[in-house]
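Participant: First the structure, which I've put down as structure tokens, then a few questions once you've had a look.
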Amino acid sequence: MSDHNQLKITNMEYDKDRPKVENPLKIMDVTLRDGHQSLFATRGRTEDMIPVAEMMDEVGFWAIETWGGATFDTMHRFLNEDPWERIRTLKRYIKKTPFSMLLRAQNLVGYRNYADDLARAFVERAAANGMDIFRTFDALNDYRNFETVVPVIKETGTHFQGCICYTITQPRLGGEVYNIDYYVNKAKDLENMGADSICIKDMAGLIAPYDAYAIIKAIKDSVKPPVHLHSHFTSGLAPMTHLKAVEAGVDIIDTCMSPYAYRTSHPAVEPLVMALLGTNRDTGFDIKILAEINTVFEKEIMPKYKHLLNDTKLSITDINVLLHQTPGGMLSNLVNQLREMDALDKLDAVFEELPKVRKDLGQIPLVTPTSQIVGIQTVNNVLFDDENERYKMITSQVKDLCYGLYGKTAVPIDPEVQKKALKGYDRGEEPITCRPAEVLEPELEKAQEEIKGLAADIDDEILYAIYPVTGKKFLKWKYGKEEPPEEVKAKSLETALAKLELVNLAKAGKVVPKSEIEKIPEKSANVRAFNVFVDGECYEVGVDEIGGSPIISYSMPVPGQAPAPAAAQVATPAPATESKPAAPTAAAPKAVEKAPAAAEGTPVTAPMPGMIVSYDKNVGDTVNEGDCVVVLEAMKMENNIPAPVSGTIKALNFSSGDSVEKDAVMCVIG
Ligand code: MN
């Protein structure tokens with residue numbers, strides 16, 4: 159890159175009078191993980207990281223965060239990318255700067271505690287694939303959940319960064335639970351576990367500048383490992399917090415490159431570099447290299463992601479996070495979930511219920527997976543509870559939490575809620591107090607057995623063990639056993655720019671007929687007409703599936719319900735493989751077979767949009783009222799859907815991995 163060379167010459171002049179300082183502030187860049195996770199739903203593709211990778215390696219970052227739970231999940235689920243491959247690919251371009259990943263301790267990169275054998279294998283493989291720093295956190299700050307992974311991190315010679323999830327129960331630091339002693343004691347625990355560094359993980363952007371100053375100072379006075387601050391911009395506090403953290407002697411701070419900064423993401427690196435220029439904490443970074451990287455992001459990469467940015471508001475700060483302590487990601491999830499269920503008007507009720515649920519469940523920090531656990535339970539309570547009964551629909555994860563399967567909560571769980579959650583719980587009604595993984599059977603070998611013939615190596619097997627449903631689907635795409643759906647395929651810069659151009663024209667009031675932009679495809683003989691109702695208006699639309707005739711694998715006119723073939727199809731955002739004719743999955747034909755159009759009986763409908771995890775019953779099985787018939791995943795939380803009546807299973811209309819809309823008939827009992 160010739161421009162690059164030219165800039166370097168200028169840089170030498172620019173740097174001429176800038177002394178190297180003794181204790182520069184170290185910076186970890188989180189653009190390639192938390193940055194796109196915060197702003198673009200974790201949809202960043204590896205191919206869009208490569209154009210900046212070598213330049214980013216030149217900046218002098220302490221580390222670059224490249225991996226985490228959401229990346230692992232999203233990559234195989236929505237991007238048809240092998241998450242392991244990302245580490246190996248980026249390593250070929252980023253040779254000097256260490257890689258950091260966010261590890262959910264015993265939750266690994268998933269949403270529950272996994273057995274020790276799987277946890278060990280995961281960390282070993284992550285290190286072998288090129289991970290250098292394991293930023294490890296537990297959603298409950300229960301460090302017994304570190305006991306399995308930390309020795310493996312140490313054995314692999316990588317860096318163990320221990321996190322303290324930052325949370326509060328009042329507007330500022332203090333109170334009975336999360337006060338300064340709490341954080342100092344947690345830091346001491348981490349030092350005793352051998353932490354190479356300690357991170358204050360402020361996932362929601364709640365930490366106020368003077369609180370950060372007090373905590374960091376107290377921790378620095380009490381323990382030896384370097385202190386690292388991770389905070390989000392969301393509320394607007396973070397840039398001020400960063401400066402106070404520097405004054406308190408923080409060693410490392412997380413930032414993003416500007417195009418990925420602010421909003422629910424992180425403060426940008428450039429203003430911090432400029433703010434510290436010439437001081438005793440000068441980062442030493444070359445602002446011009448940073449600017450050059452930003453140009454590549456802006457010109458070559460951002461057009462592909464712009465549409466994912468939630469820019470419905472003018473304001474880039476959101477003080478709701480301070481009022482409700484709802485992390486940004488959690489808030490957008492809640493809003494989406496309510497919208498999909500046609501219940502956006504309940505948002506205020508959700509905000510009101512949320513702190514109550516959090517308190518009932520032991521005043522836990524809100525971070526993956528506890529943010530989802532508390533969030534979805536809150537939505538369930540608001541939608542399904544009535545004046546006679548609270549906690550009418552308790553998710554499996556809340557039951558697990560009440561059992562102790564996530565660890566020890568900061569304060570005890572409300573005994574009434576706990577008792578109700580554990581009634582009939584399959585592991586037992588008496589909660590455990592030991593380290594959670596102690597009650598988990600080894601699970602890797604079983605997974606290996608199940609995925610034999612499809613998985614090619616241990617990395618595939620681990621992917622499947624952590625994500626059995628979507629992992630299996632991904633492996634089928636990976637090995638050509640199934641055609642990946644259109645929506646998981648990468649889009650070119652040209653397509654992205656053409657679309658943006660259309661948006662701009664539309665904004666300018668110039669409506670361009672579709673035929674002028676691209677050729678209108680011809681209608682096939684299979685085009686089907688649908689009535690679409692929008693705000694009381696009715697439109698007829700023709701639907702013609704790209705790549706072949708639509709196969710409606712389940713069409714269920716149910717007595718008393720409007721026949722809605724489209725609604726029974728597929729909900730976003732999960733890939734809709736079940737309607738692809740080209741892929742003879744186990745799903746489609748089986749569903750056809752099992753769902754005779756005229757199956758009569760009582761329908762078991764989806765109370766919310768989600769993905770079918772599994773059916774607990776087969777066609778012909780008898781069920782009693784209240785038995786779980788199907789497990790439905792909504793926003794990563796599993797809900798056991800009970801039989802509304804006793805009878806015999808007449809039809810199971812979907813298969814594991816299928817997405818369903820609200821009110822879809824999942825099963826019929828006759
Ligand atoms: Mn974060």
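Heads up, our numbering is the position in the sequence shown plus 158, with the first residue counted as 1. For glycine and all other residues, C-beta sits at the position ideal for the given N, C-alpha and C.
1. Do THR441 and ALA426 have their CB atoms nearer than 8 Å?
2. Is there contact between the region 778 to 788 and the region 501 to 517, where contact requires at least three CB pairs shorter than 8 Å?
3. Determine the contact status of GLY629 and ASP300, defining contact as a CB-CB distance below 8 Å.
4. In angstroms, rounded to a whole number, what distance separates the CA positions of VAL777 and LYS808?
5. Measure the beta-carbon distance from GLN495 to VAL537 and round it to whole angstroms, keeping in mind my assumption that it falls under 8 Å.
6. With respect to the alpha helix (DSSP H) encompassing MET233, which residues constitute its N-terminal and C-terminal limits?
7. Report the residue ranges of all alpha helix (DSSP H) runs contained in full by the region 478 to 563; include only those spanning at least 4 residues, in chain order.
8. My guess is that THR306 and ALA277 are in contact by the Cβ rule of under 8 Å, so how many angstroms apart are they, rounded?
9. At a threshold of 7 Å, does HIS234 count as lining the ligand MN (C-beta to nearest heavy atom)?
10. Measuring CA to CA, which of PHE455, VAL454, GLU450, PRO513 is closest to VAL479?
11. Using the rule of at least 16 other Cβ atoms within 10 Å of the residue's Cβ for burial, across every protein chain shown, is ALA740 buried or exposed?
12. Can you determine whether any heavy atom of the ligand MN sits closer than 7 Å to the C-beta of MET351, and answer yes or no?
13. Helix, strand or coil for THR453, going by three-state DSSP, please let me know.
14. Starting from LEU276, trace the alpha helix (DSSP H) both ways and give me its first and last residue.
15. Measure the alpha-carbon distance for LEU580 versus ASN491 and round it to whole angstroms.
16. Can you name the start and end residues of the beta strand (DSSP E) that PHE292 belongs to?
17. Could you check where the alpha helix (DSSP H) with LEU660 kicks off and where it finishes?
18. Can you give the Cα-Cα distance for GLY533 and LEU435, rounded to whole angstroms?
19. So, is CYS592 buried or exposed, given that buried needs 16 or more other C-beta atoms within 10 angstroms?
20. Between GLY218 and MET259, is the Cβ-Cβ spacing less than 8 Å?
21. Please classify SER423 as buried or exposed, where buried requires at least 16 other C-beta atoms within 10 Å of its C-beta.
22. Check the DSSP bridge columns for GLN319 and list the partner residues they point to.
23. Between the Cα of ILE799 and those of LYS178, SER554, VAL179, spot the shortest distance and give me the residue it belongs to.
24. Using 10 angstroms around the beta-carbon of PHE812, count the other beta-carbons present and answer buried if the total reaches 16, otherwise exposed.
25. Could you check whether the region 594 to 614 touches the region 357 to 371, counting it as contact only if at least three pairs of C-beta atoms, one from each stretch, sit closer than 8 Å?
26. Around the Cβ of SER380, are there at least 16 other Cβ atoms within 10 angstroms (buried) or fewer (exposed)?
27. CA-CA distance, HIS400 and ILE373?
28. Out of ASN797, GLY805, LYS375, ASP192, which one is the CA nearest neighbour of ALA362?
29. Are VAL221 and THR200 touching if we call contact CB-CB under 8 Å?
30. Are the Cβ atoms of HIS407 and TYR625 separated by less than 8 Å?
31. Determine the closest residue to PHE198 out of VAL823, GLY815, LEU467, with distance taken between C-alpha atoms.
32. For the alpha helix (DSSP H) holding VAL669, just list the boundary residues, first then last.
33. DSSP on LYS578, reduced to helix/strand/coil?
34. Helix or strand or just coil, what does DSSP make of PRO800?
35. Any heavy atom of the ligand MN closer than 7 Å to the CB of ASP543?
36. Give me the DSSP bridge partner(s) of ILE185.
Facilitator: Taking the geometry as given:
1. No, the pair does not count as a contact, with Cβ atoms beyond the cut-off.
2. Contact fails: fewer than three Cβ-Cβ distances are below 8 Å.
3. No. Outside cutoff.
4. The straight-line gap from Cα to Cα measures roughly 6 Å.
5. About 6 Å separates the two Cβ atoms, so the contact holds.
6. MET233 -> alpha helix (DSSP H) spans 227 to 236.
7. Qualifying alpha helix (DSSP H) stretches, in chain order: 478 to 482, 486 to 498, 505 to 518, 528 to 542, 554 to 561.
8. Their Cβ separation, rounded to whole angstroms, is 5 Å, which keeps THR306 and ALA277 in contact under 8 Å.
9. HIS234: no, Cβ never under 7 Å from the ligand MN.
10. Among PHE455, VAL454, GLU450, PRO513, the Cα nearest to that of VAL479 belongs to PRO513.
11. In this predicted model, ALA740 has a pLDDT of only 32, less than 50, meaning its place in the structure is not dependable enough to derive any value.
12. No, the Cβ of MET351 stays beyond 7 Å of every heavy atom of the ligand MN.
13. For THR453, the secondary structure class from DSSP, reduced to helix, strand or coil, is helix.
14. Unbroken alpha helix (DSSP H) run through LEU276: 274 to 287.
15. The straight-line gap from Cα to Cα measures roughly 27 Å.
16. For PHE292, the enclosing beta strand (DSSP E) covers residues 291 to 294.
17. Counting along the chain, LEU660 sits inside the alpha helix (DSSP H) bounded by residues 651 to 665.
18. Those two C-alpha atoms are separated by around 42 Å.
19. Result: exposed.
20. No; because the gap between Cβ atoms is not below 8 Å, this pair is not in contact.
21. Taking all protein chains in view, the Cβ of SER423 is crowded by 16 or more other Cβ atoms within 10 Å, so the residue is classified as buried.
22. DSSP lists ARG293, SER355 as the beta-bridge partner residues of GLN319.
23. Checked all of LYS178, SER554, VAL179; the closest Cα to ILE799 is SER554.
24. Label assigned to PHE812: buried.
25. Per the Cβ contact rule, the region 594 to 614 is not in contact with the region 357 to 371 (fewer than 3 Cβ pairs under 8 Å).
26. Exposed, since its Cβ has fewer than 16 Cβ neighbours within 10 Å.
27. HIS400 and ILE373 have their C-alpha atoms some 13 Å from each other.
28. With distances taken between Cα atoms, ALA362 lies closest to ASP192.
29. In the sequence as presented, Val is not what sits at residue 221; that position holds Ala. No.
30. According to the sequence shown, residue 407 is Gly rather than His. Taking 8 Å as the cut-off, the Cβ atoms of GLY407 and TYR625 do not count as close.
31. The shortest C-alpha to C-alpha distance from PHE198 to any of VAL823, GLY815, LEU467 is the one to LEU467.
32. Looking at the DSSP string, VAL669 is not in any alpha helix (DSSP H), and its letter there is neither H nor E.
33. Helix at LYS578.
34. Here PRO800 carries a strand assignment [DSSP, helix/strand/coil].
35. Not one heavy atom of the ligand MN is found less than 7 Å from the C-beta of ASP543.
36. In the DSSP output, where bridge partners are listed per residue, ILE185 has ILE411.
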